[in-house]
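**Q** Chains as they are written, first to last, in our numbering: chain X, 3 to 581; chain U, 3 to 581.
Protein chains: 2
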Amino acid sequence: MPILQPIVNMAELLHQKGITDVLVSPGSRSAPLTLAVVRHPALRVRVMADERAAGFVALGIAQQTGRPVAVICTSGSAVYNLAPAVVEAFFQQIPLLLLTADRPHEWLHQQDGQTIHQPGLFGHHVKRSYDLPADYTHADSRWFIERSVNEAIDLAQFSPAGPVHINVPLREPFYPTAGESFTAGPVRTIDTLRAEPGLPTDSWHRLLQEWDRHDRILIAVGQLPPNPALRHMLAKISEEFGVPVVGEIISNLADNGLFITHTDTLLANLNESVAETLQPDLLITIGNSFLTRNMKTFFRRYPARHHWHIDPVLDRINDSFQSLTTRVQASPLAFFEKLFSDLDYQRFLQGDDDDGSTMFLQTWQAADRRAAQLVFRSLRQPEDRLTDWQATQHVLANLPEGSVLHLANSMPVRYANLCGLSEQQQIDVWANRGVSGIDGCLSTAVGAALATDKLVTLLIGDVAFFYDRNGLWSAPVPPNLRIFLLNNDAGHIFRIIDGPGQQPELEPYFETPHGYTARRTAEDAGVTYQICRTATELTSLLPDFLQPGTQAKLLEISTDKLVNQQQFEAYRATLRQAD
Amino acid sequence: MPILQPIVNMAELLHQKGITDVLVSPGSRSAPLTLAVVRHPALRVRVMADERAAGFVALGIAQQTGRPVAVICTSGSAVYNLAPAVVEAFFQQIPLLLLTADRPHEWLHQQDGQTIHQPGLFGHHVKRSYDLPADYTHADSRWFIERSVNEAIDLAQFSPAGPVHINVPLREPFYPTAGESFTAGPVRTIDTLRAEPGLPTDSWHRLLQEWDRHDRILIAVGQLPPNPALRHMLAKISEEFGVPVVGEIISNLADNGLFITHTDTLLANLNESVAETLQPDLLITIGNSFLTRNMKTFFRRYPARHHWHIDPVLDRINDSFQSLTTRVQASPLAFFEKLFSDLDYQRFLQGDDDDGSTMFLQTWQAADRRAAQLVFRSLRQPEDRLTDWQATQHVLANLPEGSVLHLANSMPVRYANLCGLSEQQQIDVWANRGVSGIDGCLSTAVGAALATDKLVTLLIGDVAFFYDRNGLWSAPVPPNLRIFLLNNDAGHIFRIIDGPGQQPELEPYFETPHGYTARRTAEDAGVTYQICRTATELTSLLPDFLQPGTQAKLLEISTDKLVNQQQFEAYRATLRQAD
């Protein structure tokens, strides 16, 4: 058997276990892995020199496809450059398979290049870490490798999905000799037939009884990948049973006249008497993290008497509102489907067509409409001066139907959340809210655009953009990517939030103005570049910019940080008055 | 006491324990740390948005100053972006103090932003990891913080120096209120009086006896920071006792007519009979890693009967030549000073003015001269076509006396090693050979230029340059930096080394051509940009380019990868003939 055969077989195993996409960063130690995946006819392999960008591109692909993406890098500090994407994938529950080449461990601390402690390098931030043997000759070693790869790919996908690390120590030779066979032999895949979690009947009884005891029931939705069936079911429950469904832009619950979406404005500066009219008795939460402080603060300050969290994973108690009373092991969709049908049947038995208790929903909806109007008024600018927030509103309102929206941290996702989207637009919304870093937002959007034929629009600030500009380097930028760069020449969030704005160090040590525009970066990357400074310009550029085309495009929206600040402060002043 | 007082005091403690430089990446959670160091009158604080670049800039400053540099970043994936620099510092033994802001640990896995498992995040790649309490109010907590910071700064500097991590969980408020005092109270520094390791007399007896028993004694020097006293002592030993001192460009032992410096060429393709004339009986090694495979292979294939490694640290057995017999706990300088004086005294007692055994040294020196001539011949190009290697030779020959040279991985340091430097130039040579990554070579040179008034020249390839271009972003580029960018539009090393050059995947999956020039990157960064394509152009540009000035400069040397390859293959063919 050729010495590299187990590595060649590994590529075949990736394929048979359903992996379709691989990200490779060049290296010599990793060459056997690279050749194995490149020579496999069914794997799509993309190359990026900067491992940090490669990791986030892989994350973006995995978000779109729902399948684990394999990431290959060489030994040494290369592996650490993957870590920012790994930790985001871990908390965002996105499956990645990290294949890191390594020197055999006997070379550690022997002054050899690119030799670090790789096994377990990602610590708590992978679901598991495997360390393959450096010697493949023994049959038991080959058994271990095959079994581990099977297990790792399963594990990456099992809920909660996440990154899994396979460290691959490799000895020379790294390359097949001329004429040496380099095709996969037979591999053994191990299938897994998974049970679905189903609550026993007495648990459902208890839940239904508890439901019946409450008049003010509310469903709060954290970050959720796009899920039309769940959205549909939540709308039915809201409508039929008068239950407010409260979300943020990252919940993928766009405005349908029913859902409560202007939560950041609605829940700001509430006085106690208003807050009490909004306080639920029974709170049901689903999804991952919540975006805004106002959302979290409201549910912490006005806790529900009962709070159910619906999650198929029982690993840890997630009590972010500090009010949790019941954990329900179920997928949100399955849970609400069963709940709806049980409630509906119960109502049928009771001959009760309408339970009449839509007051609570109406209170929330009225507050939501007031919040939407307040945002609308705040966005009217007397002159043609363009702010980040206004630009966001323009962009969101003009997104092509059925396209994909990526929202970068830190201000773009917040501005977009203030604006909202409407259901008719059918926009899929993504944001790196696993750990909310700015470090890979551009690369993640590049990955998304590589994995879908839809138009992918990224809304990003200047610090996040330049931080991650290697996402545009060393691989063709996909033509369906549209970047809106809100360039206020600063880490603008520090001026907006309380605290740093009052310190004399604001500009040099927090905002760090840099004077960059993206023109040269875009030119280097072969990305069409345009710039605008007024609302009129933006409006006239948008329709053409958002057309499909053969080249990625970047529209730099140049704004003044002081004007941005004025607008936001005026908005906050209005909130205080409204209170 | 103001709630942030222990953080303010920490800045004073950094100062009192000798820290002068701090790198800050902006963040909100880390604001108390940022304000504390910025408001301290004696700390020089620099700001860089990209933590990866900030970490390497800190490394470059610490290399120059020999003092730990403090690095401050916010919580979440920001911390992981420091890791590439941390692991390089760990293996290169450079002191860093990593102050990472964190959320209090009760927020972990509670869907809160930027909250990851930070304590112990750097695993085996820091000397120690501290985790401060989130609550400072108890006197014992304040005692723990003060003691830990004292200990951490000591530890970072103790041999082997290296990075130390202090994780700093912080609760709001992060900013002092108007009028709140923000000056350091009294802090307690704990001094440490360290013993110097001194070998007992009987150990010296044993070493001297062993020395006397050998005719063919050789000193091989791995990577060493510039150390004129040690260089002087090694020259005396070589001359007086006929001992070859064998090094590479990263050993900081430039050509003085005595040292053996063309080792990569000299030791290539040795036939057995020649190799045996060069094989030592007693090998003495000092320093960190060796650069070239030829060096390592020679000493592994022709091991000395006795091999001493001189190192003050006994932590691990470093046996990179696989021939070690004796570890001697001593600093190289102290060891060779004592050895020289003992040998000299012994010779005086024996009335022996000259021990006559310079044959071995002469054999090595003759081989070194032949190697130098071979390199000289290989560098003659018939036309005016410029190669990476030739350009390196030009640059090295023209460096200003007493300047600092940074050599990037992967090819520049190898080309420079083939060329060598002469002692009269008094060049300090640095390269990130701890783990030999390309990820921070530019930022490290930026750090060096910030920390010295000397001219700092960086020789770097295109992949390493663009990978790390954020080293030029968001902080003024120091005017004493000169960048020579060898741009062959590819990861050129893959074409040069055996293996990938023979694979059809070479260009798309290893070299990854990108078509970038550095013009736009330099313009964005306010760095003067020039480009040249021929030896004549380079020669005419060099004198002015290397003058001091008010702005950093970048000279892009555009070369053809095929011409580079031809030249290198001709060199290797000559080596095979020479054999």
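Note that the Cβ used here is the ideal one computed from N, Cα and C, for glycine as well.
Taking only runs that begin and end inside the region 495 to 542 of chain U, name each unbroken alpha helix (DSSP H) of 4 or more residues, in chain order.
**A** Counting whole runs of 4 or more residues, the region 495 to 542 of chain U contains the alpha helix (DSSP H) stretches 495 to 498 and 521 to 527.
**Q** Quick check on X:Val49: does DSSP put it in helix, strand or coil?
**A** Here X:Val49 sits in strand by DSSP.
**Q** DSSP puts X:Leu98 in a beta bridge; with which residues?
**A** Note: X:Leu98 sits in a beta bridge opposite X:Val71 and X:Pro165.
**Q** Keeping to the same chain, check which residues put their C-beta closer than 7 Å to that of X:Thr541; ignore five residues upstream and five downstream.
**A** Excluding sequence neighbours, X:Thr541 sits near His396.
**Q** Give me the Cβ distance between U:Leu461 and U:Phe486, rounded to the nearest whole Å; I'm assuming they're in contact under 8 Å.
**A** Their Cβ separation, rounded to whole angstroms, is 5 Å, which keeps U:Leu461 and U:Phe486 in contact under 8 Å.
**Q** Can you give me the start and stop residues for the beta strand (DSSP E) that X:Phe261 sits inside?
**A** No beta strand (DSSP E) holds X:Phe261; DSSP gives it neither H nor E.
**Q** Is the Cβ-Cβ distance between X:Ile239 and X:Leu345 less than 9 Å?
**A** Closer than 9 Å, so yes.
**Q** First and last residue of the alpha helix (DSSP H) that includes X:Gly449?
**A** Here the alpha helix (DSSP H) through X:Gly449 covers Cys443 to Ala453.
**Q** Assuming X:Leu84 and X:Leu100 make a contact with CB atoms under 8 Å, what is their CB distance in whole Å?
**A** X:Leu84 to X:Leu100, Cβ: 6 Å. Contact.
**Q** Cα-Cα, which of X:Thr117, X:Gln112 and X:Val128 is closest to U:His119?
**A** Among X:Thr117, X:Gln112 and X:Val128, the Cα nearest to that of U:His119 belongs to X:Val128.
**Q** Determine whether the Cβ of U:His308 lies closer than 9 Å to any Cβ atom of chain X.
**A** Closer than 9 Å: no.
**Q** Any beta carbon from chain U within less than 9 Å of X:Glu507's own beta carbon?
**A** So, interface residue.
**Q** Tell me, to the nearest whole angstrom, how far the beta carbon of X:Asp430 is from that of X:Leu407; I am working on the premise that it is less than 8 Å.
**A** Their Cβ separation, rounded to whole angstroms, is 7 Å, which keeps X:Asp430 and X:Leu407 in contact under 8 Å.
**Q** Applying the criterion that 16 or more other CB atoms from any shown protein chain within 10 Å of the CB defines a buried residue, is U:Ser30 buried or exposed?
**A** The residue in question, U:Ser30, is buried, as its Cβ has 16 or more Cβ neighbours within 10 Å.
**Q** Using a cut-off of 7 Å between C-beta atoms, extract the partners of U:Ser438 located in chain X.
**A** Per Cβ cutoff of 7 Å: Gly78, Gly115 and Gln116.
**Q** What do you get for X:Arg215, buried or exposed, if any count of 16 or more other CB atoms within 10 angstroms of its CB means buried?
**A** X:Arg215 comes out exposed.
**Q** Give the straight-line distance between the Cα atoms of X:Glu250 and X:Ala433, rounded to the nearest whole angstrom.
**A** Computed Cα separation, rounded: 12 Å.
**Q** Would you say X:Thr102 lies against chain U (beta-carbon separation less than 9 Å)?
**A** Cβ-Cβ to chain U under 9 Å: no for X:Thr102.
**Q** How would you list, in chain order, the residues of chain U whose beta-carbon sits under 7 Å from the beta-carbon of X:Gln112?
**A** Those within 7 Å of X:Gln112 in chain U are Asn320, Asp321 and Ser322.
**Q** For the 8 Å Cβ check, are there 3 or more pairs between the region 146 to 162 of chain U and the region 3 to 16 of chain U?
**A** Because the criterion of three Cβ pairs below 8 Å is met, the region 146 to 162 of chain U and the region 3 to 16 of chain U touch.
**Q** Helix, strand or coil: which one does DSSP assign to X:Leu557?
**A** Strand at X:Leu557.
**Q** Within the continuous alpha helix (DSSP H) that includes U:Asn296, where are the two ends?
**A** Residues Arg295 to Arg303.
**Q** Any chance the region 462 to 470 of chain U sits against the region 510 to 520 of chain U, with 3 or more Cβ pairs inside 8 Å?
**A** Enough Cβ pairs lie closer than 8 Å, so yes.
**Q** Just the C-alpha distance for U:Leu6 and U:Asn169, rounded to the nearest angstrom, thanks.
**A** Their Cα atoms are separated by approximately 16 Å.
**Q** Express the C-alpha separation of X:Thr294 and X:Asp283 in angstroms, rounding to a whole number.
**A** Those two C-alpha atoms are separated by around 22 Å.
**Q** Buried or exposed for X:Gly350, please, with buried defined as at least 16 other CB atoms from any protein chain shown within 10 angstroms of its CB.
**A** Position check: residue 350 of chain X holds Phe in this sequence, whereas Gly was assumed. Result: exposed.
**Q** Report the three-state DSSP secondary structure of U:Ala103 (helix, strand or coil).
**A** DSSP places U:Ala103 in strand when its eight states are reduced to three.
**Q** Measuring alpha carbon to alpha carbon, tell me which of X:Pro86, X:Pro106 and X:Pro8 ends up nearest X:Asp142.
**A** Among X:Pro86, X:Pro106 and X:Pro8, the Cα nearest to that of X:Asp142 belongs to X:Pro8.
**Q** Among X:Asp321, X:Leu341 and X:Pro97, which has the Cα closest to the Cα of X:Gly245?
**A** In the sequence on display, residue 245 of chain X carries Val and not Gly. Here the closest residue by C-alpha is X:Leu341.
**Q** Ends of the alpha helix (DSSP H) at X:Tyr138?
**A** That residue, X:Tyr138, is in no alpha helix (DSSP H); it is neither H nor E in DSSP.
**Q** Residues of the region 21 to 32 of chain U with a CB closer than 7 Å to any CB of chain X: list them in chain order, please.
**A** Answer in chain order: Val26, Pro28 and Ser30.
**Q** Could you compute how far the alpha carbon of U:Pro28 sits from the alpha carbon of X:Gly503?
**A** One C-alpha to the other measures close to 13 Å.
**Q** Beta-carbon of X:Trp145 versus every beta-carbon of chain U: anything under 9 Å?
**A** Not one chain U Cβ lies under 9 Å of X:Trp145.
**Q** Using alpha carbons as the reference points, say which of U:Pro86, U:Gly551 and U:Tyr347 lies closest to U:Pro480.
**A** Considering only alpha carbons, the answer is U:Gly551.
**Q** To the nearest angstrom, report how far apart X:Leu201 and X:Arg371 are at their CA atoms.
**A** Distance between the alpha carbons of X:Leu201 and X:Arg371 is about 37 Å.
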